[in-house]
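Residue numbers (the working numbering): 29 to 280.
Here a beta-carbon is modelled for each residue, glycine too, at the ideal position from N, C-alpha and C.
Take a look at the structure set out below.
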């Protein structure tokens, strides 16, 4: 769950990752499955609000109150009125049925492994017949192959805030290749021009990773029919060993 300083810096750091823009893939998916859509883990609206602005009928579910507050503030600035539910997906209740369901930005990997299949089943229950599902995951090859030394702090992200202060994140990790779990500690700071720390936050995150065959199996087990995937946010790229995988499936 993103909160406090981490939540406020989340979108700023994403903007500094030009190769991490999955908007074209998500828009193509929503056009293929027109109608009512739901984004799981919509965060501060980084993807959801631009989609609303373009006319897509998309709701959001988000577990972090801090992220929802950021989303609502940004929505007011853009004169948008999103329907966003503050809820854990396992407790999410609605009478709505959706034509498209999206789990972008590696959100699925933040769930404990034992809850992933339950989540996919829950989303199938929210889906209309022949609805589509969109899932993006990443495979941490740098950590798996020891290109990044474990247990050591590494510079991760840096960005300049509108007031001229500097936001940074450094990260250290430990990896369990047997359980396919990446444990990461993040240290977020905001510093002035003299490098004096004004704010800081320490965050621990466990992230599960999945290879393509395992994802296909879980989709099948939860009532979804896998249809295709794209790699590295590039439409038509089918490198199954890529770091970024976007999967598409339809409700059975």
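Counted within 10 angstroms of its Cβ, other Cβ atoms place residue i as buried (16 or more) or exposed
i	result
residue 263	exposed
residue 67	buried
residue 92	buried
residue 252	buried
residue 34	buried
residue 36	buried
residue 189	exposed
residue 127	buried
residue 106	exposed
residue 52	exposed
residue 225	exposed
residue 242	exposed
residue 116	exposed
Alpha-carbon spacing of residue i relative to residue j, whole angstroms
i	j	result
residue 113	residue 97	11 Å
residue 158	residue 255	12 Å
residue 167	residue 123	35 Å
residue 205	residue 164	21 Å
residue 47	residue 32	26 Å
residue 239	residue 213	23 Å
residue 184	residue 197	5 Å
residue 218	residue 192	10 Å
residue 83	residue 111	14 Å
residue 258	residue 180	32 Å
residue 102	residue 70	13 Å
residue 55	residue 277	15 Å
Neighbourhood of residue i by C-beta, 8 Å cutoff - its chain only, sequence neighbours within 5 removed
i	result
residue 178	171, 200, 201, 202, 203
residue 146	118
residue 265	258, 259
Contacting residues, own chain, Cβ-Cβ under 7 Å from residue i (five flanking each side not counted)
i	result
residue 187	40, 41, 44, 195
residue 108	77, 80, 81
residue 220	193, 226
residue 141	236
residue 234	209, 211
Residue i CB to nearest heavy atom of the ligand SAH below 8 Å
i	result
residue 168	The model on display carries no ligand, and the ligand SAH is accordingly not part of it.
In DSSP terms, what residue i is bridged to
i	result
residue 234	211
residue 65	86, 128
residue 253	278
residue 186	196
residue 273	165, 259
residue 248	According to DSSP, residue 248 bridges with nothing at all.
residue 1	Because residue 1 is not part of the residues shown, which for the chain are 29 to 280, the question remains open.
Residues near residue i in its chain [Cβ-Cβ closer than 6 Å; skip 5 each side]
i	result
residue 30	38, 92, 95
residue 61	127, 128, 160
residue 230	215
residue 244	254
Taking only runs of the alpha helix (DSSP H) that begin and end inside the region 72-125, which ones reach a length of at least 4 residues, in chain order?
-> Counting only runs that start and end inside the region 72-125, the alpha helix (DSSP H) elements of at least 4 residues fall at 76-81, 93-105.
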